[in-house]
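In my numbering, the protein residues as written are 2 to 802.
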């Protein structure tokens, strides 16, 4: 084979394309005009250099597509180009082949746009299952993650290792993946910032990601467009004053897993373009099989945004770009544009089938790029040092680590038992936080009712972001509160803003709609911790209020503590769940979240007035330890009442009062953060949880214990296994999925977790006389023979110790 020499005139060289990468007349016209204008304005130093980059991109794209199909089917590659043999193939192939093939020209086009303009843009891929495209390109260019360096490169050994590792299912002695390569984008994927496993969330978050002066290319999926609506609201949120350039690129391949997308059924790219235009976008359709078309679209889109930003008379909404990359699923390989393209397009296994093997080899031959030609292409595009810019793996969004926020001292309230509103005091402190950190862009995600949830100061200070403010309403074009009746869309504003300060506020019951989106960030951050990559973004709190016990007046759809229960299932060092019991504990907890990095925290906070019980020192100690004694002395107690939640503490103290007046020694202990008390599941979580000695001080062994839970009792018992004395020593009361249109007292009674139920549990656990502790009418009410109103609360509460 003769060594490759790039001796052809550059323009003609590019126009000829390479293999299956060909250029339509429209793309040639667009790119020719772009290069001519770029040279004229000085953006490009040389037309010849630009054409050589374009030709290099064709060859890199073809080689990456060749690599992708090997990752699915083969366990080795042959850089000689000779056909693979049966033993070269995987006995069990696997891969999201069609989508990954479609992503290759897109990602190479992104690299090309960066090389042409001398700018390293951020990138985000919503379809994380197409990771083979990214890993293939990264291995070929050498821009791999630290864990992959020395393992994957464009040698035959390196690419064979890449193919063998893909879906190898290898696991190490600790149960972790044994190779730095997964089925979805992850922390080992150089430059990845999201797994993309939950389709649709990238399309909600991308508009909130870049800061002024930054650019982001967001690769989106047409299947996800139908999965998660709300992305068409991006024009409501983008502002040149506080946002960087965002270019959404829709990979329109027309198919989901087993059928055409609705977009394809409605009319394809023209239909989608009309839809997006009606939502305020400026759509453009390109050839989704050509990296040059992607590069042209990215540069043109940014030109339009920059022109808008430079216009002193600009008004909102801006007509944002929207690139529609029209292609067929799995282009470049047999099975394209069929349902089979999604996973294993050959319809047979080349390891066992000669026919499938011949089909694979024939198709791979059309994508093959000789090693010396590929080397030249990579060298042509590897101009980072000359352009003095970071590689794509180090793009601006890849390692967010904003400055540590200034955390103002809260205006602590007196712990004298007088009623106060925790949400109002939390609201006041959050405004202080924002004012103290003008360099950190704030975002508040809010489905609705910020004022009724007692965050009036935040609303007045930051205002709803709208395009046309209504007079007399807390609205502003530059508002920092992203409000829409779509929980996922507003959570995206906070989760996307990893360079700033964030807050999400929601009804507790409806926060469950955010769970998948929260979990995506939690998982990615935890995987980073597993790899020793500490995530640098400031903690994101989700404050859930109007919660289960406060929404008794509404139907049972509004009475659901499941968000906290679900998040307690995640690793507690990254997904924190806290139950403040008053204003000081709420402010101390929120302050602690903003002091942390790479954590999502759910705070269950009451919006109604409840007694202020903890002073500043006690509240901060509670946050440090996760639990604290409130009333009584455990070493002298016959029974321990453990409260998890503000209303639960109120009932526990009432129960303590009844027991004390009858001569029964009891103590009341608050658990703020149950995850701090759990049995750790790995070494990282073990560093986060409370040690055995501290735990024993708070929860003496063998002491009969009654848990009063904000949540359902069973999940909490599982989390708190370390303090569970078993069925004869521990009883858990909480939400048992009974509700309706009730008041708070009625909901507590319906779920058998009033003070009287706690006292009755103490009777059983500690062998206490029931008729001495409860009146005849109270016992009848508990037994279902009286009336709930007969459970009169104790006349007075004991003083706090």
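Don't be surprised by glycine CBs; every beta carbon is placed ideally from N, CA and C. All values derive from a computational prediction rather than experimental measurement.
Rounded to whole angstroms, what is the Cα-Cα separation between residue i and residue j?
i	j	result
residue 296	residue 440	33 Å
residue 400	residue 536	8 Å
residue 366	residue 61	15 Å
residue 565	residue 670	20 Å
residue 470	residue 479	10 Å
residue 800	residue 482	Since pLDDT at residue 800 reaches only 37, below the 50 mark, its modelled position is unreliable, and the value read off the structure follows with that caveat. So the alpha carbons of these two residues sit roughly 41 Å apart.
residue 763	residue 784	16 Å
residue 391	residue 384	10 Å
residue 3	residue 134	Bear in mind that a pLDDT of 49 at residue 3, under 50, signals an unreliable position, so the number given afterwards is only what the model happens to contain. For residue 3 and residue 134, the distance between alpha carbons rounds to 29 Å.
residue 68	residue 359	17 Å
residue 288	residue 28	7 Å
residue 796	residue 421	Summary for residue 796: the model assigns pLDDT 47, below 50, so the residue's position carries little reliability, and this model does not support an answer.
residue 750	residue 569	26 Å
residue 798	residue 605	Confidence in residue 798 is poor, its pLDDT being 42 and thus under 50, which makes the residue's placement unreliable; the coordinate value appears in the next sentence. Using only the alpha carbons, I get a separation of about 24 Å.
residue 342	residue 139	23 Å
residue 117	residue 173	42 Å
residue 802	residue 417	Residue placement at residue 802 is flagged as unreliable, the pLDDT there being 29, under the threshold of 50; the coordinate-derived value follows with that caveat. Cα-Cα distance, rounded: 12 Å.
residue 113	residue 50	12 Å
residue 55	residue 378	9 Å
residue 246	residue 290	24 Å
Between the Cα of residue i and those of the options, spot the shortest distance and give me the residue it belongs to.
i	options	result
residue 464	457, 458, 476, 454	476
residue 612	602, 625, 631, 24	631
residue 36	294, 586, 416	294
residue 807	49, 47, 515, 479	Any property of residue 807 remains undetermined from this structure, which presents the chain solely from 2 to 802.
residue 561	621, 455, 684, 737	737
residue 644	375, 523, 674, 125	674
residue 124	210, 601, 492	210
residue 320	345, 375, 235	235
residue 30	709, 371, 83, 298	298
residue 666	680, 639, 672, 654	639
residue 708	699, 725, 697, 489	725
residue 633	220, 699, 507, 106	699
residue 550	146, 786, 651	651
Grab the span of the beta strand (DSSP E) containing residue i for me, first residue to last.
i	result
residue 733	731-734
residue 613	Here residue 613 belongs to no beta strand (DSSP E), and DSSP marks it neither H nor E.
residue 447	443-447
residue 219	216-222
residue 251	246-253
residue 546	541-546
residue 576	576-579
residue 706	706-710
residue 503	502-508
residue 630	628-632
So residue i packs on residue j, CB below 8 Å; how close in whole Å?
i	j	result
residue 330	residue 127	Not really, about 16 Å apart at Cβ, beyond 8 Å.
residue 409	residue 434	6 Å
residue 314	residue 283	Contact doesn't hold; Cβ gap of about 18 Å is too wide.
residue 182	residue 136	6 Å
residue 494	residue 442	With 8 Å as the limit, residue 494 and residue 442 do not qualify as a contact, their Cβ atoms being about 11 Å apart.
residue 757	residue 743	Not really, about 17 Å apart at Cβ, beyond 8 Å.
Hey, quick one: how far does the alpha helix (DSSP H) through residue i stretch, first residue to last?
i	result
residue 111	98-118
residue 641	From DSSP, residue 641 is part of no alpha helix (DSSP H) but of the beta strand (DSSP E) over 640-645.
residue 496	488-497
residue 383	No alpha helix (DSSP H) holds residue 383; DSSP gives it neither H nor E.
residue 292	292-311
residue 717	714-720
residue 165	157-166
residue 67	48-74
residue 40	26-42
residue 850	Absent from the model: residue 850. The displayed extent of the chain is 2 to 802, so no value can be given.
residue 126	Element bounds for residue 126: not the alpha helix (DSSP H) but the beta strand (DSSP E), 123-126.
residue 667	Counting along the chain, residue 667 falls outside any alpha helix (DSSP H), though it belongs to the beta strand (DSSP E) covering 667-672.
residue 698	693-699
I'd like to know whether the C-beta of residue i is nearer than 8 Å to at least one C-beta of chain D.
i	result
residue 527	This model lacks chain D altogether; it includes just one protein chain.
request  = Assess, as a yes-or-no matter, whether the region 87-107 is touched by the region 271-280 under the definition of 3 or more beta carbon pairs within less than 8 Å.
outcome  = no
Q. Are at least three pairs of beta-carbons, each pair with one atom in the region 565-574 and one in the region 681-694, less than 8 Å apart?
A. yes
Exercise. Check whether the region 764-773 touches the region 579-591, taking contact to mean three or more Cβ pairs, one atom from each stretch, closer than 8 Å.
Key: no
Exercise for the section: Inspect the CB distances between the region 46-65 and the region 17-30 and report whether three or more fall short of 8 Å. Expected result: yes
Does the region 335-354 touch the region 267-275, meaning 3 or more C-beta pairs lie closer than 8 Å?
no
For the region 617-627 and the region 584-599, state whether three or more C-beta atom pairs, one from each stretch, are separated by less than 8 Å. yes
Problem - the region 245-258 contacting the region 220-235, beta-carbon criterion three pairs below 8 Å - result: yes
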